[in-house]
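The structure under discussion appears below in the form of structure tokens.
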Amino acid sequence: MTTAHRPTYDPARGKLNEQAPTRMFSSRSLPAYTVLKYRQIYKDKDMGQESSEEIEQRDLRLELLEAEALHFSKKEDPYDIKKITQNNEPLKNNHEDPKIKRAMILQETRNIDADDDKEDENEDNDDRELEKIRRERAEESERLEREKAQKDEEQREREIAMGNPLLNISSKDFNVKRRYVLSSDQAKGISDRPKKEFVNDLLRTEFHKKFMKRYVK
Numbered sequence: 001m002t003t004a005h006r007p008t009y010d011p012a013r014g015k016l017n018e019q020a021p022t023r024m025f026s027s028r029s030l031p032a033y034t035v036l037k038y039r040q041i042y043k044d045k046d047m048g049q050e051s052s053e054e055i056e057q058r059d060l061r062l063e064l065l066e067a068e069a070l071h072f073s074k075k076e077d078p079y080d081i082k083k084i085t086q087n088n089e090p091l092k093n094n095h096e097d098p099k100i101k102r103a104m105i106l107q108e109t110r111n112i113d114a115d116d117d118k119e120d121e122n123e124d125n126d127d128r129e130l131e132k133i134r135r136e137r138a139e140e141s142e143r144l145e146r147e148k149a150q151k152d153e154e155q156r157e158r159e160i161a162m163g164n165p166l167l168n169i170s171s172k173d174f175n176v177k178r179r180y181v182l183s184s185d186q187a188k189g190i191s192d193r194p195k196k197e198f199v200n201d202l203l204r205t206e207f208h209k210k211f212m213k214r215y216v217k
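Letter by letter, the sequence shown follows residues 1 to 217 in full-length UniProt numbering.
Listed below in structure tokens is the structure:
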């Protein structure tokens, strides 16, 4: 059953209409982040985050040096593992420390990135050379086309000038051929075409004469 005859008040009242509830909800209307993440800190500081046991296992000086080296590597120098261990007491099993390994891996990756930058520069130089060669070829082709068009125009003008005998005065074969042709009118001296004359009298017109000659005689 159609509702075209009904007023549009009820359908246009919006989504807050409680008379016709729906089960469709927007994803933004659904509840989210219903559980908070608590920091696991205890009063006795024996367990959890920032506990005394965790702080004893961490090397705060090494973390500070690593953060400082990472900061300076982003600004000027590449990541250097020597900055982490300089002016520091020799640590046991430095190569087995995961932070030292991470620093070494970062240094290797930065060297690889430097090589990639050089390769990118070489590719940019090759692209510039290729673009230069293409531009030179395009200019050369345009120059050849202009020269060809100019030569064709000169050849056309030369042919026009040489083909006209009035302009080509230096030609030795220039002879005017005369034709003596007499027309029939000039030979007879009489024109066969009747002259149109205006006559005020209708009985003496050419039409009346032809009519009388054809139908009366």
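No residue lacks a Cβ here, since even glycine has one placed at the ideal position from N, Cα and C.
(message) Here's the rule: buried if 16 or more other CB atoms are within 10 angstroms of the residue's CB, otherwise exposed. What is glutamate 69?
(response) The residue you call residue 69 lines up with position 69 of the sequence shown. Residue identity check: residue 69 is alanine in the sequence provided, not glutamate. Buried, by the Cβ-count rule.
(message) In this structure, how does DSSP classify glutamate 197 when only helix, strand and coil are distinguished?
(response) Translated into positions along the sequence shown, residue 197 becomes position 197. Note: glutamate 197 maps to coil in three-state DSSP.
(message) At the level of alpha carbons, what is the spacing between methionine 24 and threonine 34?
(response) The sequence position of residue 24 within the sequence shown is 24, counting from 1. The sequence position of residue 34 within the sequence shown is 34, counting from 1. So the two alpha carbons sit approximately 21 Å from each other.
(message) If distances are taken between C-alpha atoms only, which option among Glu56, Ala103, Asp59 comes closest to histidine 71?
(response) Residue 71 sits at position 71 when you count from the first residue of the sequence shown. Measuring from the Cα of histidine 71, the nearest candidate turns out to be Ala103.
(message) Just to confirm my understanding: we take glutamate 129, look at its own chain, exclude 5 residues before and 5 after, and list those with CB closer than 7 Å. What are they?
(response) Translated into positions along the sequence shown, residue 129 becomes position 129. None.
(request) May I have the straight-line CA-CA distance separating serine 26 from threonine 2, to the nearest angstrom? (result) Position 26 of the sequence shown, counting from 1, holds the residue named residue 26. Position 2 of the sequence shown, counting from 1, holds the residue named residue 2. Cα to Cα, the separation comes out at about 29 Å.
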